[in-house]
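S.K.:
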Amino acid sequence: MTRKFFIQTFGCQMNVYDGQRIAAMLNKHGFSQTENLADADIIILNTCAVREKATNKVFSALGRVRRAKKTDALFGIVGCVAREAGETAFKRIPDLNFVLGPQSYHKLPEILENPDIKLFNIDLTGLEKFDELPQMEKSPTVAYIPIQEGCNHCCTYCIVPYTRGRELSRPFKDVIRDTEHASETGAIEICFLGQNVNGYKYTDETTGKTYRLSDLIKETAKLVNIKRIRFTSSYPTEMTDDLIDMFRTEPKLLPFLNMPIQSGSQNVLTRMNRPYSLGLYIDIVNGLKSARPDIQISSDFIVGFPGETEEDFEQTMEIVKRIRYINSYSFKYSPRPHTAAALMKDQIPESVKADRLAKLDSYLNELQRKFNESCIGKTMECLCEGPDKTGKHLVYRTPYMQQCIVNTIKDNQEKQLANIRITAANKASLRGDIVD
Ligand code: 5AD
Ligand code: SF4
Numbered sequence: 000m001t002r003k004f005f006i007q008t009f010g011c012q013m014n015v016y017d018g019q020r021i022a023a024m025l026n027k028h029g030f031s032q033t034e035n036l037a038d039a040d041i042i043i044l045n046t047c048a049v050r051e052k053a054t055n056k057v058f059s060a061l062g063r064v065r066r067a068k069k070t071d072a073l074f075g076i077v078g079c080v081a082r083e084a085g086e087t088a089f090k091r092i093p094d095l096n097f098v099l100g101p102q103s104y105h106k107l108p109e110i111l112e113n114p115d116i117k118l119f120n121i122d123l124t125g126l127e128k129f130d131e132l133p134q135m136e137k138s139p140t141v142a143y144i145p146i147q148e149g150c151n152h153c154c155t156y157c158i159v160p161y162t163r164g165r166e167l168s169r170p171f172k173d174v175i176r177d178t179e180h181a182s183e184t185g186a187i188e189i190c191f192l193g194q195n196v197n198g199y200k201y202t203d204e205t206t207g208k209t210y211r212l213s214d215l216i217k218e219t220a221k222l223v224n225i226k227r228i229r230f231t232s233s234y235p236t237e238m239t240d241d242l243i244d245m246f247r248t249e250p251k252l253l254p255f256l257n258m259p260i261q262s263g264s265q266n267v268l269t270r271m272n273r274p275y276s277l278g279l280y281i282d283i284v285n286g287l288k289s290a291r292p293d294i295q296i297s298s299d300f301i302v303g304f305p306g307e308t309e310e311d312f313e314q315t316m317e318i319v320k321r322i323r324y325i326n327s328y329s330f331k332y333s334p335r336p337h338t339a340a341a342l343m344k345d346q347i348p349e350s351v352k353a354d355r356l357a358k359l360d361s362y363l364n365e366l367q368r369k370f371n372e373s374c375i376g377k378t379m380e381c382l383c384e385g386p387d388k389t390g391k392h393l394v395y396r397t398p399y400m401q402q403c404i405v406n407t408i409k410d411n412q413e414k415q416l417a418n419i420r421i422t423a424a425n426k427a428s429l430r431g432d433i434v435d
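At position 248 of the sequence shown the residue is numbered 247 (numbering that gives the first Met the number 0), and the sequence of numbers has no breaks.
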């Protein structure tokens, strides 16, 4: 009987990618995936530590896993919570079998060979995992391709430089090999991933040539099977002219960009150690709009950063009004271990954070609804994600990452890319009909 694995992924796209590679690795070891925890011989929680809430979720999930799993099943955590919690994870849950950091999960097979050990490795091994892991046999329609690990920006609230280490860009030829493999095995869209993705910079030692994200985009756009290209997540001041120009010259690049501003207050940005001026951010957005007039921008926001005044918060609301962000995420600030902001005075009370978050969210939702409604009557080329839960509809993604539900499933089942006329919209999604 084939052995089975169960994996649950929390957090960012980088984790989604890590989860896919872990699945591919276990498949190679003869395991098949199960959605049923009680059937699994090995259970992996692939974790995210960026916010306190996400970390807490992992430990409550581990409690549930312990109760539901087969007695002899191996279980453990991989990813950023493993790195953050370290050996204390074994103290909290003594029968845990493995704790592997985001750059050491390729060591997982060691426990398959020797199930009696406690496997622990949270080392920062840089790019080693990319060389060790097997390729996925078949690519998903949207292939997430990491192009770097870690981050050098050291925003004062962020645990990533601690959990994933210093920023390292993968060799250009390795990334291109991965995009080619994805394109040959089913990918239609490539999404380049990195914590600071637009800071990608790799110098080939033999030729001395330096490659940037714009070079990756140009090379990838040559692949005939690849119809859509995007990248996430961008740091504002790394948005260099060559990259902005790609939005003018490369039609496969989607007109949608996640470029987090985090706060609209200059004072807060300084304390966050995000040393760009609001004026510069606005200039970058204007540059992007002149390159691609239909571009839409999304952002992440943190409310209730230590010392954030009512006036600072109002400035965040102002920048949201000005840029008219779509598809954005907002979070209450949560203090993280190993970060400078956790030690700052003037931590904001939970109730104030909650009020500000509610106000910001309601405005962001309003902007999303208005943008969605402005799409009614338009025809957009969309990518199929598959059937919805009922099986009666197909779910597509527009070029702006909106979800679009298509009613008829019968005749259109094969159409991975389709022109869809948008017929209705609300805050969460669009509805549409395939026109060809
Ligand atoms: N508290 C709240 N939100 C955070 N983020 C990162 N660190 C924190 C924190 N300590 C948010 C940022 C980032 C996103 C991935 O998570 O908005 O862009
Ligand atoms: Fe964290 Fe800032 Fe790096 Fe993003 S840019 S991963 S928020 S340190």
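Where is the CB? At the ideal position from N, CA and C, for every residue including glycine.
For clarity, every value in this text was computed on a predicted model and none was experimentally measured.
Look at the Cβ atom of residue 78, then the Cβ atom of residue 124, and state whether they are nearer than 7 Å.
M.R.: No, Cβ-Cβ distance for residue 78 and residue 124 is not below 7 Å.
S.K.: Quick one: measure Cβ to Cβ for residue 144 and residue 382, integer angstroms, because I've assumed they're closer than 8 Å.
M.R.: Going by Cβ atoms, the distance from residue 144 to residue 382 rounds to 16 Å, so no, they are not a contact pair.
S.K.: Could you pull the DSSP bridge partners for residue 403 from this structure?
M.R.: Answer is 395, 429, bridged to residue 403.
S.K.: Among 173, 70, 283, 82, which one has its Cα closest to the Cα of residue 54?
M.R.: Closest option to residue 54, Cα to Cα, is 82.
S.K.: Does the separation of the CB atoms of residue 22 and residue 133 fall below 7 Å?
M.R.: Against a cut-off of 7 Å, the Cβ pair of residue 133 and residue 22 comes out as no contact.
S.K.: Pair every Cβ in the segment 344 to 359 with every Cβ in the segment 168 to 186, then say whether three or more of these pairs are closer than 8 Å.
M.R.: Judged by Cβ distances under 8 Å, the segment 344 to 359 makes no contact with the segment 168 to 186, as fewer than three pairs qualify.
S.K.: Evaluate contact between the segment 262 to 271 and the segment 227 to 241, counting only Cβ atoms and requiring at least three cross-stretch pairs below 8 Å.
M.R.: The segment 262 to 271 is not in contact with the segment 227 to 241.
S.K.: Inspect the beta-carbon positions of residue 283 and residue 238 and report whether they are closer than 7 Å.
M.R.: Cβ atoms of residue 283 and residue 238: closer than 7 Å.
S.K.: Compare the Cα-Cα distances from residue 37 to each of 13, 64, 43, 56 and report the closest residue.
M.R.: Ranking 13, 64, 43, 56 by Cα distance to residue 37 puts 64 first.
S.K.: Would you mind working out which of 422, 169, 363, 29 sits nearest residue 127, comparing C-alpha positions?
M.R.: Considering only alpha carbons, the answer is 169.
S.K.: Could you tell me the alpha carbon to alpha carbon distance between residue 191 and residue 416, rounded to whole angstroms?
M.R.: Cα-Cα distance, rounded: 20 Å.
S.K.: Using the Cα positions of residue 482 and residue 72, report the straight-line distance between them to the nearest angstrom.
M.R.: The displayed coordinates of the chain run from 0 to 435. Any statement about residue 482 would go beyond what the structure contains.
S.K.: So, under 8 Å CB-CB, residue 195 and residue 218 are touching, yes? Tell me the CB distance rounded to an integer number of Å.
M.R.: Rounded, the Cβ-Cβ distance is 20 Å, inconsistent with contact.
S.K.: Which complete beta strand (DSSP E) runs does the segment 94 to 150 hold, if anything under 3 residues is left out?
M.R.: You should have 97 to 99, 118 to 120, 141 to 145.
S.K.: How about residue 138: is its Cβ closer than 6 Å to a heavy atom in the ligand 5AD?
M.R.: Because no heavy atom of the ligand 5AD lies under 6 Å away, the Cβ of residue 138 does not count as near it: no.
S.K.: What does a CB cutoff of less than 6 Å around residue 262 pick up in its chain, not counting 5 residues either side in sequence?
M.R.: Here the set comprises 268, 315.
S.K.: Given this structure, state the Cα-to-Cα distance separating residue 418 from residue 431, to the nearest angstrom.
M.R.: Their Cα atoms are separated by approximately 10 Å.
S.K.: According to DSSP, is residue 384 part of a helix, a strand, or is it coil?
M.R.: Strand, per DSSP.
S.K.: With H, G and I counted as helix, E and B as strand and the rest as coil, what does DSSP make of residue 38?
M.R.: Here residue 38 sits in helix by DSSP.
S.K.: Considering residue 7, what are the terminal residues of the beta strand (DSSP E) in which it resides?
M.R.: From DSSP, the beta strand (DSSP E) with residue 7 extends over 3 to 8.
S.K.: Around the C-beta of residue 328, are 16 or more other C-beta atoms found within 10 angstroms, so that it is buried, or is it exposed?
M.R.: By the neighbour-count rule (16 or more Cβ atoms within 10 Å), residue 328 is not buried but exposed.
S.K.: Output the residues surrounding the ligand 5AD, defined as those with a CB atom closer than 6 Å to any ligand heavy atom, in chain order.
M.R.: For the ligand 5AD, the selected residues are 49, 50, 156, 157, 259, 261, 299, 301, 330, 332, 333, 335.
S.K.: When the Cα of residue 120 is compared with those of 374, 364, 103, 135, which residue comes out closest?
M.R.: Ranking the options by Cα distance to residue 120, first place goes to 103.
S.K.: Using beta-carbon positions only, say whether residue 335 and residue 158 come within less than 7 Å of one another.
M.R.: In this structure, residue 158 lies closer than 7 Å to residue 335 by Cβ.
S.K.: Between the C-alpha atoms of residue 137 and residue 51, what's the straight-line distance to the nearest angstrom?
M.R.: If you take the alpha carbons of residue 137 and residue 51, they lie about 35 Å apart.
S.K.: With a Cβ-Cβ cutoff of 7 Å, do residue 31 and residue 3 count as a contact?
M.R.: The answer is yes: Cβ separation under 7 Å.
S.K.: Which full runs of the alpha helix (DSSP H) of 4+ residues lie inside the segment 41 to 71, going along the chain?
M.R.: Runs of the alpha helix (DSSP H) inside the segment 41 to 71: 51 to 67.
S.K.: With DSSP as the reference, label residue 304 as helix, strand or coil.
M.R.: Residue state, collapsed to three classes: coil.
S.K.: When the Cα atoms are used, what is the spatial distance from residue 390 to residue 296?
M.R.: Their backbone Cα atoms lie some 32 Å apart in a straight line.
S.K.: Would you mind stating whether residue 213 and residue 177 have Cβ atoms separated by less than 7 Å?
M.R.: Against a cut-off of 7 Å, the Cβ pair of residue 177 and residue 213 comes out as no contact.
S.K.: Can you give the Cα-Cα distance for residue 19 and residue 175, rounded to whole angstroms?
M.R.: Roughly 19 Å between the two C-alpha positions.
S.K.: Run through DSSP, which three-state label would residue 322 get?
M.R.: In this structure, residue 322 counts as helix in the three-state DSSP scheme.
S.K.: Could you have a look at residue 162 and say whether DSSP puts it in helix, strand or coil?
M.R.: Here residue 162 sits in helix by DSSP.
S.K.: What residues are listed by DSSP as bridge partners for residue 188?
M.R.: The partner list for residue 188 (beta bridge, DSSP) reads 141, 227.
S.K.: Does the distance from the C-beta atom of residue 247 to that of residue 290 stay below 7 Å?
M.R.: Yes, they are a contact pair.
S.K.: Only counting the same chain, and skipping five residues up and downstream in sequence, which positions put a Cβ closer than 6 Å to that of residue 346?
M.R.: So the list reads 305, once near-sequence residues are dropped.
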